Each structure stands twice: as structure tokens, then as C-alpha cells.
Amino acid sequence: MYTRNETCSLCENRKNKTIFVENGIPIVRCLVCNHVYSTYKQEEHFEKYWDVGEIEYDLNW
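Just so we're aligned, residue 1 is where the sequence shown starts under the UniProt record's numbering, counting upward by one.
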């Protein structure tokens, strides 16, 4: 089971309506600002991919 993100990232409101469900994850529309977003809380998995510290790179590539 995943943690649901019920708060709109644009207006921080929790009023939303489910538009459809994709792979068991509700896609909702904020009833205040109409932003459409997934309720899947992605921060848990983000760190596993990108938490590698600082990486050197060439700005002129």
C-alpha cells in the first residue's frame, strides 16, 4: 500500500474529486484551483534514485 497525498501542491487545499484511477492510484482534480494530480506520494521513492550526494558534471557539454 502507498501513502496518499491528498493535498494540492499548488494551492495546498485538500478538497479534491477523483477523476479516474490508473494502476490503483487515484488521479484527482483540486476543487479550488483545478490542478490535476496523482495521490501517490512519490518522495519515498525519489531518494532511492537520487540520494547519491554531489556529482561532478561539465557545464559546457
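Glycine included, C-beta positions come from ideal geometry on N, C-alpha and C.
All of these numbers come straight from a predicted model, not from anything done at the bench.
Cβ separation of residue i and residue j, assumed to be a contact under 8 angstroms, to the nearest whole Å
i, j, result
"Thr7", "Pro26", "Between Pro26 and Thr7 the Cβ distance is about 14 angstroms, and since that is not below 8 angstroms, they are no contact."
Secondary structure of residue i, DSSP reduced to three states
i, result
"Ser9", "coil"
"Arg4", "strand"
"Glu22", "strand"
Limits of the beta strand (DSSP E) - the one that residue i falls within
i, result
"Arg14", "From DSSP, Arg14 is part of no beta strand (DSSP E); its letter is neither H nor E."
Residue i - partner residues in DSSP beta bridges
i, result
"residue 91", "In this structure the chain extends from 1 to 61, so residue 91 is not present and cannot be described."
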